[in-house]
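Asker: Numbering of the sequence shown is given in our numbering, commencing with residue 139 and proceeding in unit increments. Ideal Cβ placement from N, Cα and C applies to all residues, glycine included.
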Amino acid sequence: MRVQKTYDILVIGAGPAGSSAAKTAAETGAGVLLLDKKKVMGQPVQCAEFVPFHIINEVDLVPDQVALSVSFLDTYLPDGQVKSMTSKGFVLERSVFDKDLIMAARKAGAEVWMGARVISISREGVLVEAEGEKIEINAGVVIGADGPRSVVGRLIGSSNENFLIGAQYEVVLPKDKMTDRLQVYFHPQWQYGYGWVFPKGRTANIGIGCTNRPATLLNEFLAFLGIDMRYVVRRTGGLIPVGGPVKKTWGQKYLLCGDAAGLTHPITGAGIMAAVVSGKLAGAWAALAVKNNDLSLLDGYEQEWQEMLLPMLSKASMNRRYLLENWTEDQEQFCQLIRETWIAFPEYSNNKRIGG
C-alpha cells in the first residue's frame, strides 16, 4: 500500500524562492513540506551569484554567505567603449546562502526532504520518490518553486517559453586579473545575451548566456580574457528564463514563484532577489488561504507581486523584444542597440518604447 502524507502547504523546489516560501508559511503555524530533487543543500550552484545591495531588506546576510562586496559594473562593447555604473551588491557563495535559507525554513517548522523527486503531479496529488519509497503527498496549497521548467507551471498551463542557455566556469584568477568590479561583455556572436566576469575574491564566475553554442563561446571568451583553462575549478550551466512573467502565477490551489513564475529580469537574467521576494509573498498568501479555507485568496499573491515587480519586468520585457527584433552583426548598429537596451546606459531608462 502506497504511503500517503498530508500537509497544509507543499513547496516544490528548495532554492531561494522555495525556501523563502516555506519559511514564511511555516512561521504562521502552517504544516509545510519543502522538497527538492537535489541531494545536497545548495548544490550544484547554477548561478552567477550576484545580488543587489537591497537584498539585506529581505534576508539576514551573514559573512559566510558573501564572497565579495562590489560597487561597480563595467560594460564592455565591441567598439571599445566601456560604460561604468554604480552597482552596489554582493557576489554570494550560493551554496552557503541556499543551505542557510533551507535551514531557516526548517527552523521555522517546515519539514525538509532533500533528494526527493517528483514522479507525477495532478490535481489529485503529488507522487514523490524519496529514499527509494513512493509517497503520495496531498496539500491544501502547492507552491511551484521548481525552476525554469516547472512541473507545477505545466500543470496549470503556465510555462516559461523563452530562455538563454548559460554556461559558466568558476576560475582561479591570476593576480593580474583580480578585480572587485562586475564586468559584462557584449558581442554580436553571443546571440541575444552577454558574457560576464563576476569576481569572488581569489576566484571569479566567468560565463556566457546566449541562445547558440554557449560552451564553445565560453572557451573562446576565456581565451579572449587571457585566462588559461587550467585555472578552471568548476563548470556549471543551466537555463535562464528571459521571456518575462508567465501568463498566470496561480490557478486552483497552485502558486508559482521565482524562476518558475518567469520573474527573472528579461535583460540581465538576474533572479535571486525576485525569487526571495516572490517566495515570501507566496508563502504568506498560501498560509492565509489555508487558514481561511479559501483558495480565492491566492489571487492576492499575484496582485501583490505585480505591484512590486511588474513595472520593472515589463520595461525589461519590452527592451528584450526590441533586442530580439533588431539584433545585428553590424558592429556600429549592434553597439547602438546595446546602448538602447542594456541597464548601464541612460537610453535604457529614457526610451519611450511602448511595444516590441
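#1: Using the three-state DSSP reduction, which class does cysteine 473 fall into: helix, strand or coil?
#2: Drop a sphere of 10 angstroms on the beta-carbon of threonine 224, count the other beta-carbons inside from all chains shown, and report buried for 16 or more, exposed for fewer.
#3: At what residues does the beta strand (DSSP E) containing glutamate 249 begin and finish?
#4: Would you kindly report the start and end of the unbroken beta strand (DSSP E) that includes lysine 272?
#5: Looking at the structure shown, is arginine 459 part of a helix, part of a strand, or coil, going by DSSP?
#6: Specify the secondary structure class of threonine 354 as computed by DSSP and reduced to three states.
#7: Beta carbon of valine 170, beta carbon of isoleucine 193: below 8 Å?
#8: Please identify the residue among Asn457, Val371, Arg244 and Gln471 whose C-alpha is closest to the C-alpha of asparagine 488.
#9: Mapping the DSSP letters down to three states, classify serine 434 as helix, strand or coil.
#10: Which of the three DSSP states, helix, strand or coil, is assigned to arginine 340?
#11: Could you tell me the alpha carbon to alpha carbon distance between glutamate 299 and proline 379, rounded to whole angstroms?
#12: What does the Cβ neighbour count give for phenylalanine 228, buried or exposed, with the cut at 16 atoms within 10 Å?
#13: For glycine 493, which three-state DSSP category applies?
#14: Compare the beta carbon distance of valine 266 and alanine 254 with 8 Å and say whether it is the shorter of the two.
#15: Locate the alpha helix (DSSP H) running through threonine 162, then write down its first and last residues.
#16: Which value, in whole angstroms, describes the spacing of the CA atoms of tyrosine 214 and leucine 433?
Answerer: With the given structure in hand:
#1: As a first step, residue 473 must be located in the sequence shown, where it is residue number 335. Looking at cysteine 473 - three-state DSSP - the assignment turns out to be helix.
#2: Position 86 of the sequence shown, counting from 1, holds the residue named residue 224. Counting Cβ neighbours within 10 Å, threonine 224 comes out exposed, since fewer than 16 surround it.
#3: On the sequence shown, residue 249 is found 111 positions in, with the first residue counted as 1. 249–252 is the extent of the beta strand (DSSP E) around glutamate 249.
#4: The sequence position of residue 272 within the sequence shown is 134, counting from 1. Counting along the chain, the beta strand (DSSP E) containing lysine 272 begins and ends at 271–282.
#5: For the purposes of this step, residue 459 is taken as the residue at position 321 of the sequence shown. If DSSP states are grouped into helix, strand and coil, arginine 459 belongs with the helices.
#6: Here residue 354 refers to the residue found at position 216 of the sequence shown. Of the three classes helix, strand and coil, the one that applies to threonine 354 here is helix, per DSSP.
#7: Within the sequence shown, numbered from 1, the residue matching residue 170 stands at position 32. Within the sequence shown, numbered from 1, the residue matching residue 193 stands at position 55. Contact flag unset, no.
#8: Here residue 488 refers to the residue found at position 350 when the sequence shown is read from its first residue. Considering only alpha carbons, the answer is Asn457.
#9: For the purposes of this step, residue 434 is taken as residue 296 along the sequence shown, with counting starting at 1. Helix, per DSSP.
#10: Translated into positions along the sequence shown, residue 340 becomes position 202. In the structure shown, arginine 340 sits in coil (DSSP, three-state: anything other than H, G, I, E or B).
#11: Walking along the sequence shown from the start, residue 299 turns up at place 161. Walking along the sequence shown from the start, residue 379 turns up at place 241. Roughly 8 Å separates the two Cα atoms.
#12: Start at 1 with the first residue of the sequence shown, and residue 228 comes out as number 90. Result: buried.
#13: Taking the first residue of the sequence shown as 1, we reach residue 493 at position 355. In this predicted model, glycine 493 has a pLDDT of only 48, less than 50, meaning its place in the structure is not dependable enough to derive any value.
#14: The residue you call residue 266 lines up with position 128 of the sequence shown. The residue you call residue 254 lines up with position 116 of the sequence shown. It is a contact, given that the beta carbons lie within the stated cut-off.
#15: Numbered from its first residue, the sequence shown carries residue 162 at position 24. Threonine 162 -> alpha helix (DSSP H) spans 154–164.
#16: Indexing the sequence shown from 1 puts residue 214 at position 76. Indexing the sequence shown from 1 puts residue 433 at position 295. Roughly 48 Å between the two C-alpha positions.
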